[in-house]
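K.L.:
Provided herewith is a single structure, encoded as structure tokens, for subsequent inquiry.
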Amino acid sequence: MLRLALLVVLIPLAFVSGASAAAPINLGPERTYRTGDLPYSVETADLDGDGVLDIVSPNTISHDVTVLLGEGDGTFAPARTFPGGDSPRTAVTGDFDEDGRPDVAVSNVFTRGVSILKGDGRGGLGPPVGHAVGEQPRTVITTDLDGDGHLDLAVVNRRDDTVSILLGRGDGSFVTAKSFPAGDRLSEGGDGDAYDLASLDVNRDGTPDLAVANRASNNLSLLIGNGDGTFRPGAIYPAGTTPYAVAAADFNGDRDPDLAVANGDSRDISVFLGRGDGTFDRRPRQGAGVAAFALAVADLDGDGDQDLAVARNPNTKYVDGKDYAGSASILLGRGDGSFGAPRDHGVGPRPVAIAADDLDGDGRPDLATANRGTDDISVLLRGDTRLSLTRSERRVTWPDAVTLRGRLAAADGSPLAGRRVILEQRPWVRGAFTRVPGQPTDGVRVATDGTFRLAGARPEWTTDYRARFAGDPAGHEPMTSELATTEQRVRVRLGVDENDLRLGHSRVVTGSVSHHSHACLPITLVIRRDGEVVDERPLTLEPSPATEIAGCNPVRRALRRVDALLAQWTSATARPSPPTEPEYRFSYRPSHPGKHTFVARFDGHPPGHLPNRSAATGFRVVR
1 MLRLALLVVL
11 IPLAFVSGAS
21 AAAPINLGPE
31 RTYRTGDLPY
41 SVETADLDGD
51 GVLDIVSPNT
61 ISHDVTVLLG
71 EGDGTFAPAR
81 TFPGGDSPRT
91 AVTGDFDEDG
101 RPDVAVSNVF
111 TRGVSILKGD
121 GRGGLGPPVG
131 HAVGEQPRTV
141 ITTDLDGDGH
151 LDLAVVNRRD
161 DTVSILLGRG
171 DGSFVTAKSF
181 PAGDRLSEGG
191 DGDAYDLASL
201 DVNRDGTPDL
211 AVANRASNNL
221 SLLIGNGDGT
231 FRPGAIYPAG
241 TTPYAVAAAD
251 FNGDRDPDLA
261 VANGDSRDIS
271 VFLGRGDGTF
281 DRRPRQGAGV
291 AAFALAVADL
301 DGDGDQDLAV
311 ARNPNTKYVD
321 GKDYAGSASI
331 LLGRGDGSFG
341 APRDHGVGPR
351 PVAIAADDLD
361 GDGRPDLATA
371 NRGTDDISVL
381 LRGDTRLSLT
391 RSERRVTWPD
401 AVTLRGRLAA
411 ADGSPLAGRR
421 VILEQRPWVR
431 GAFTRVPGQP
441 TDGVRVATDG
451 TFRLAGARPE
461 WTTDYRARFA
471 GDPAGHEPMT
481 SELATTEQRV
491 RVRLGVDEND
501 LRLGHSRVVT
511 GSVSHHSHAC
521 LPITLVIRRD
531 GEVVDERPLT
541 LEPSPATEIA
551 GCNPVRRALR
561 RVDALLAQWT
571 SATARPSPPT
581 EPEYRFSYRP
591 SHPGKHTFVA
601 RFDGHPPGHL
611 PNRSAATGFR
621 VVR
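Heads up: the sequence shown begins at 1 in the working numbering, then just goes up one per residue.
Below, the structure written as structure tokens:
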């Protein structure tokens with residue numbers, strides 16, 4: 001198997017240098033629509049023939065498919081639900097029986113199948129008709145793979161690392177599936193975990209090829225189409241860590257298709273620039289950000305260049321059972337294969353799919369996400385009212401505060417003086433926005449130059465801020481600003497008398513950790529003698545008596561002697577001070593002379609708090 005060292009452009013999802021200077025993409029307030037249990041995909045199509053796009057979302061736990069019929073103004077009628085077979089995961093729409101009415105195909109993740117739901121042309125879907133594919137099918141896409149003019153299906157099978165091809169007959173039925181190796185089946189061992197796929201013509205032969213994102217082996221594999229619906233192995237390209245999604249488009253305007261890959265654990269976007277001969281170019285890796293889970297491609301700013309819409313989720317692995325706040329991020333393409341800085345807009349927790357399409361008929365792409373954390377669809381519509389927000393500090397240490405500033409203007413840039421703007425906040429460990437304390441009940445007043453300001457916003461965790469304008473009788477649309485995010489660190493202190501200490505004597509070392517809840521934060525004490533680390537040990541702080549933390553038990557722990565040559569630990573107790581900050585203290589008696597230094601280290605709580613440490617301090621031990 002050929003492995004190419006290609007040029008991968010890694011677009012960071014936070015604080016990219018050289019950001020695009022294009023104007024912000026103005027998006028209105030988020031509207032949410034309830035789905036079934038665990039929506040995992042969001043697709044758009046005109047299911048009822050009224051010329052307005054509708055939304056389709058399969059729900060894995062409730063075993064059904066939600067249909068939201070568009071009203072033409074960006075709103076949707078109450079959800080309709082149709083059987084989707086066992087555990088439907090992703091969906092694609094197409095006219096598989098060629099009757100002029102869109103149908104829906106869904107992957108059934110636990111039954112090795114793909115189900116076809118025939119559309120009735122009025123927004124309804126028929127009962128699922130299953131077709132066998134590989135093990136744990138995930139993403140399903142449609143295109144004409146064999147050149148006969150009929151839509152076919154390609155589905156990536158996560159567990160057996162294959163792609164199954166269902167060739168359509170044009171009457172809604174399909175030829176028995178054939179499967180082709182992908183993912184780890186093409187590599188040298190391990191778990192490839194084929195996860196997503198896209199169709200493109202990589203070598204200009206007029207035949208669709210396939211690109212597969214392999215989540216566990218951290219690569220992208222190509223399947224080269226033979227023109228008859230069969231495929232042969234292509235190259236394997238390294239991607240970022242844990243690639244979740246892949247999308248194809250021409251990002252640099254050379255008419256050759258390129259690829260974008262959303263990487264979860266390396267928290268970036270890889271862009272593969274196609275040469276048109278089946279090979280790709282790359283650029284150096286850049287930065288890091290928040291885990292990217294899904295992609296959509298559209299010209300969002302109308303400049304003729306393809307842009308990216310990214311579903312971002314700080315907790316893709318769900319390691320601690322929390323539904324962290326999600327966002328829809330826009331990365332505007334520069335037309336040369338590079339992108340500007342992410343522009344984040346708040347959506348529901350744990351978004352796992354995103355679509356970019358014109359949902360209100362104004363000719364501009366809007367955004368929709370499927371939110372696993374709240375079982376709903378978020379819709380963000382384009383608007384013309386201009387609303388911006390910035391924060392004074394990108395990173396603060398508790399209990400420091402930030403100042404929020406912004407501007408509200410009409411479509412022509414003229415200030416909307418005297419209006420009111422509500423400022424909202426959302427810690428990353430929670431999914432919902434609440435009002436920022438300290439502002440008037442009706443919000444912050446906009447000054448004559450269109451600006452507004454609020455000082456004293458104190459982030460308790462890494463926090464998203466946004467401004468929200470409700471609209472006015474003059475016809476200025478409701479609008480929500482892009483997110484302004486401030487990262488938060490706890491304050492870690494450690495202190496000790498720095499005068500010389502005679503060997504055989506002891507000295508008390510004290511410290512504290514400043515955090516909004518005064519809860520059980522894990523601290524690591526690092527001790528060095530003459531520059532070399534001689535001990536590291538954890539210490540968990542007690543909560544303040546003024547604060548009750550569910551599931552957090554007070555800890556009183558004696559740190560016992562570990563290295564007889566190092567020191568004697570006579571006692572160590574984490575004890576709370578008054579409600580300002582928890583404290584720790586211990587008595588330390590060194591066994592050897594030399595320079596003894598101490599550092600208290602907090603390793604962070606992603607995505608809530610950044611790592612931090614105390615200043616190093618210590619004393620010399622003399623005989």
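For every residue, glycine included, the Cβ atom is placed at its ideal position computed from N, Cα and C. Predicted model only: the values in this text are computed from it and were never measured.
Can you tell me where the beta strand (DSSP E) holding Gln425 begins and where it ends?
P.N.:
Start and end: 420 to 427.
K.L.:
Assuming Tyr635 and Asp196 form a contact by the criterion Cβ under 8 Å, report the distance between their Cβ atoms to the nearest whole angstrom.
P.N.:
Nothing can be reported for residue 635: it is not among the residues displayed for the chain, which extend from 1 to 623.
K.L.:
Give me the DSSP bridge partner(s) of Pro39.
P.N.:
The partner list for Pro39 (beta bridge, DSSP) reads Asn59.
K.L.:
Determine the burial state of Arg122: buried for a count of at least 16 other Cβ atoms within 10 Å of its Cβ, exposed for fewer.
P.N.:
Exposed is the call here.
K.L.:
What residue range is occupied by the uninterrupted beta strand (DSSP E) comprising Gln439?
P.N.:
No beta strand (DSSP E) holds Gln439; DSSP gives it neither H nor E.
K.L.:
When the Cβ atoms of the segment 503 to 516 are set against those of the segment 439 to 450, are three or more pairs found closer than 8 Å?
P.N.:
Because the criterion of three Cβ pairs below 8 Å is not met, the segment 503 to 516 and the segment 439 to 450 do not touch.
K.L.:
So the candidates are Asp120, Ala105, Ser514; which of them puts its Cα closest to the Cα of Ala132?
P.N.:
Of Asp120, Ala105, Ser514, the residue nearest in Cα terms is Ala105.
K.L.:
Can you list, in chain order, the residues of its chain with a C-beta nearer than 6 Å to that of Asp442? Leave out the 5 residues immediately preceding and following it.
P.N.:
Answer for Asp442: Arg420, listed in chain order.
K.L.:
For Gly253, which three-state DSSP category applies?
P.N.:
Here Gly253 sits in coil by DSSP.
K.L.:
What's the C-alpha gap between Val396 and Gln488?
P.N.:
Cα to Cα, the separation comes out at about 5 Å.
K.L.:
Does the distance from the C-beta atom of Arg435 to that of Glu424 stay below 7 Å?
P.N.:
In this structure, Glu424 lies closer than 7 Å to Arg435 by Cβ.
K.L.:
Can you give me the C-alpha to C-alpha distance between Asn499 and Val621, rounded to a whole angstrom?
P.N.:
Using only the alpha carbons, I get a separation of about 9 Å.
K.L.:
Does Arg502 pass the burial test, meaning 16 or more other C-beta atoms within 10 Å, or should it be called exposed?
P.N.:
When all chains shown are included, Arg502 counts as exposed.
K.L.:
Classify Ala615 as buried or exposed, calling it buried when 16 or more other Cβ atoms lie within 10 Å of its own Cβ.
P.N.:
Exposed: under 16 other Cβ atoms inside 10 Å.
K.L.:
Just curious, the beta strand (DSSP E) that Pro137 is in, first and last residue?
P.N.:
Segment 137 to 143, the beta strand (DSSP E) holding Pro137.
K.L.:
In or out: His505 buried (at least 16 other Cβ within 10 Å) or exposed?
P.N.:
Exposed, since its Cβ has fewer than 16 Cβ neighbours within 10 Å.
K.L.:
Taking the Cβ atom as the reference point for each residue, do Arg585 and Arg601 lie within a distance shorter than 7 Å?
P.N.:
No; because the gap between Cβ atoms is not below 7 Å, this pair is not in contact.
K.L.:
Assign Gly333 to one of three DSSP states: helix, strand, or coil.
P.N.:
Strand, per DSSP.
K.L.:
Do you know offhand how far Gly264's Cα is from Pro590's?
P.N.:
For Gly264 and Pro590, the distance between alpha carbons rounds to 46 Å.
K.L.:
Buried or exposed: where does Gly337 fall if 16 or more other Cβ atoms within 10 Å of its Cβ makes it buried?
P.N.:
Buried, because 16 or more other Cβ atoms sit within 10 Å of the Cβ of Gly337.
K.L.:
Specify whether the segment 227 to 246 and the segment 157 to 174 touch according to this definition: at least 3 beta carbon pairs, one from each stretch, less than 8 Å apart.
P.N.:
Segments in contact, yes.
K.L.:
Do Ala198 and Ala262 have their CB atoms nearer than 7 Å?
P.N.:
Not a contact, by the Cβ cut-off of 7 Å.
K.L.:
Reducing DSSP to helix, strand and coil, say where Gly183 ends up.
P.N.:
Here Gly183 sits in helix by DSSP.
K.L.:
Kindly list the residues whose CB is nearer than 6 Å to the CB of Ala470, restricted to its own chain and excluding five residues on each side of it in sequence; keep chain order.
P.N.:
Closer than 6 Å at Cβ, skipping near neighbours: Pro478.
K.L.:
I think Ile61 touches Asp37, with their Cβ atoms under 8 Å apart; what is that distance to the nearest whole Å?
P.N.:
Yes, Ile61 and Asp37 are in contact; Cβ-Cβ is about 4 Å, under 8 Å.
K.L.:
Mind checking who Asn612 pairs with in its DSSP beta bridge?
P.N.:
Beta-bridge pairing links Asn612 to Phe602.
K.L.:
Anyone know if the C-beta pair for Thr90 and Thr139 falls short of 7 Å?
P.N.:
Taking 7 Å as the Cβ cut-off, Thr90 and Thr139 qualify as a contacting pair.
K.L.:
Thinking just about the alpha-carbon of each residue, which of Ser221, Arg382, Leu610 is nearest to the one in Thr480?
P.N.:
It is Arg382 whose Cα lies nearest to the Cα of Thr480.
K.L.:
Can you grab the Cα-Cα spacing for the pair His345 / Pro415, in whole Å?
P.N.:
Each residue's Cα considered, the two are about 23 Å apart.
K.L.:
Quick one: Cα of Leu483 to Cα of Gly240, how far?
P.N.:
One C-alpha to the other measures close to 25 Å.
K.L.:
For Gly618, does the three-state DSSP call read helix, strand or coil?
P.N.:
Note: Gly618 maps to strand in three-state DSSP.
K.L.:
When DSSP labels each residue in this structure, what does Arg623 get in the three-state scheme?
P.N.:
Arg623: coil per DSSP, three-state reduction.
K.L.:
Candidates Ile269, Ala457, Ile116: which alpha carbon is nearest Glu393's?
P.N.:
Glu393 has its Cα closest to that of Ala457, out of Ile269, Ala457, Ile116.
K.L.:
Does DSSP put Arg537 in a helix, a strand or coil?
P.N.:
Three-state result, Arg537: strand.
K.L.:
Using the Cβ count rule (16 or more neighbours within 10 Å means buried), how would you classify Val347?
P.N.:
Val347 is buried by the Cβ-count criterion.
K.L.:
From Asp73, Leu68, Gly74, pick the residue whose C-alpha is nearest to that of Thr81; which is it?
P.N.:
The candidate whose alpha carbon is nearest that of Thr81 is Leu68.
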